[in-house]
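Just add 12 to wherever you are in the sequence shown, counting from 1, and you've got this note's numbering. No residue lacks a Cβ here, since even glycine has one placed at the ideal position from N, Cα and C.
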Amino acid sequence: MNTTARPSTDNLTIAVIFHSNYGHTRRVAEAVVVGARQQLPDSQVKAVDVYDVDWDFLDAADLLVFGSAVYMGSVTAEFKTFMDETSKRWYHRKWEGKWAAAFANSGGLSGDKLAVLQQICLYAMQHGMNWIGLPLMPTGHEETDLNRLSSFLGLMTQSLNGPPEETPGKGDIDTAIWFGNHLAETIIKHKPSDPDPKL
Ligand SMILES: Cc1cc2nc3c(=O)[nH]c(=O)nc-3n(C[C@H](O)[C@H](O)[C@H](O)COP(=O)(O)O)c2cc1C
Numbered sequence: 013m014n015t016t017a018r019p020s021t022d023n024l025t026i027a028v029i030f031h032s033n034y035g036h037t038r039r040v041a042e043a044v045v046v047g048a049r050q051q052l053p054d055s056q057v058k059a060v061d062v063y064d065v066d067w068d069f070l071d072a073a074d075l076l077v078f079g080s081a082v083y084m085g086s087v088t089a090e091f092k093t094f095m096d097e098t099s100k101r102w103y104h105r106k107w108e109g110k111w112a113a114a115f116a117n118s119g120g121l122s123g124d125k126l127a128v129l130q131q132i133c134l135y136a137m138q139h140g141m142n143w144i145g146l147p148l149m150p151t152g153h154e155e156t157d158l159n160r161l162s163s164f165l166g167l168m169t170q171s172l173n174g175p176p177e178e179t180p181g182k183g184d185i186d187t188a189i190w191f192g193n194h195l196a197e198t199i200i201k202h203k204p205s206d207p208d209p210k211l
């Protein structure tokens, strides 16, 4: 008989907070959600638009995944407004100890997405959160490859001038799903065991 207490995942929740003007970053956020739901039931993983923030859900979540389109080498003004709106939570250390991760979508191949991931990472560190990166070796640099942009701090995706159903391409969307799955798996793995009811 296996007597090792297995952590219950019942009360683990994930919020994927994003800003997207034209739908490409939204599509990436939804792919991260799809991946996380491979590990956790649908009700526990939500995409949250910065225009419509469910603050109670964020405050209760175990993991906050932040994602922004890249504007002028930075998060968008709307995403920064969201960040600044959390300053009281920063002051009261409300998010300390939560898990954090990030993604950035832009038009350029580099597009300075790294600056955005660093900006969000620093923001998460200010909140005292615990960062989860993207430990996935690139399978190549073609359109269908996983982590084709070779990013490890977080997820990078690229969208061209086209509808969000077509761009970012398959490899980037599959990487977003992989990332979501990995994030959920990580918080499940590190969840403290539930107390033994016999004790
Ligand atoms: C004002 C503005 C600034 C932008 N700056 C950058 C940039 O610095 N680097 C880049 O690669 N793309 C840049 N882009 C392209 C956007 O990153 C790209 O269109 C965006 O990721 C699309 O995401 P969305 O459909 O979710 O809005 C910029 C676009 C706009 C409108």
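Quiz item: Who are the near neighbours of Met141 in its chain, counting only those whose CB is closer than 8 Å to its CB and skipping five residues on each side?
Solution: Only Leu76, Trp107, Glu108, Gly109, Lys110, Trp111 and Ala112 meet the Cβ criterion.
Quiz item: Taking DSSP as the reference, what is the three-state secondary structure of Gln50?
Solution: The answer is coil: DSSP assigns Gln50 none of H, G, I, E or B.
Practice problem: Using DSSP bridges, identify the partner residues of His31. | Solution: Note: His31 sits in a beta bridge opposite Ser80.
Quiz item: For Asn193, is the beta carbon positioned less than 7 Å from some heavy atom of ligand 3?
Solution: For the structure depicted, ligand 3 is absent and the ligand set comprises only ligand 1.
Practice problem: Use the C-beta contact count for Ser205: other C-beta atoms within 10 angstroms, 16 or more gives buried, fewer gives exposed. | Solution: So Ser205 counts as exposed.
Quiz prompt | DSSP state of Leu75 mapped onto helix, strand, coil | solution = Leu75: strand per DSSP, three-state reduction.
Quiz item: For the stretch 130-202, which segments carrying the alpha helix (DSSP H) assignment without a break, of at least 4 residues, lie completely within its bounds, in sequence order?
Solution: Contiguous alpha helix (DSSP H) elements confined to the stretch 130-202 occur at 182-201, taking only those with 4 or more residues.
Quiz prompt | Extent of the continuous alpha helix (DSSP H) run through Ser99 | solution = Counted as a single uninterrupted DSSP element, the alpha helix (DSSP H) harbouring Ser99 occupies residues Ser99 to Tyr103.
Self-check item: Residue of Ile26, Val128, Phe30 and Gly35 minimising C-alpha distance to Gly47
Solution: For Gly47, the nearest C-alpha among the options comes from Ile26.
Quiz item: Is Lys125 helix, strand or coil by DSSP?
Solution: Residue state, collapsed to three classes: helix.
Quiz item: Cβ of Ala114 within 7 Å of any heavy atom in ligand 1?
Solution: Not so, every heavy atom of ligand 1 lies at least 7 Å from the Cβ.
Exercise. Mind checking who Lys58 pairs with in its DSSP beta bridge?
Key: Answer is Ala27, bridged to Lys58.
Quiz item: Roughly how far, in whole angstroms, is the beta-carbon of Gln131 from the beta-carbon of Ser86, given that I think they are within contact range, below 8 Å?
Solution: That pair is a contact at about 7 Å.
Exercise. Closer than 6 Å by C-beta to Thr179: which residues in its own chain qualify, once you throw out the five before and the five after it? Chain order, please.
Key: Excluding positions up to five away in sequence, the list reads Ser171 and Leu172.
Self-check item: Residues bridged to Trp67 (per DSSP)
Solution: DSSP lists no partner for Trp67.
Self-check item: Same chain only: Cβ atoms within 8 Å of Gln51, ignoring 5 sequence neighbours per side
Solution: Contacts found: Thr21, Asn193, Ala196, Glu197 and Ile200.
Quiz item: Are there 16 or more other CB atoms within 10 angstroms of the CB of Lys125, so buried, or fewer, so exposed?
Solution: Result: buried.
Quiz prompt | Own chain, CB closer than 8 Å to Ala72, minus 5 neighbours either side, in chain order | solution = Closer than 8 Å at the Cβ level, and outside the excluded window around Ala72, lie Thr25.
Practice problem: Could you check if Ala59 is buried or exposed, using at least 16 other CB atoms within 10 Å of its CB as the buried criterion? | Solution: With 16 or more other Cβ atoms within 10 Å, it is buried.
Exercise. Whole angstroms is fine: what's the gap from Leu146's alpha carbon to Leu165's?
Key: Going by the C-alpha atoms only, they are around 6 Å apart.
Quiz item: Who are the Cβ neighbours of Ser118 in its own chain at under 6 Å, not counting the five residues just before and after it?
Solution: Cβ contact annotation for Ser118 (same chain, cutoff 6 Å, sequence separation greater than five): Val82 and Lys125, in chain order.
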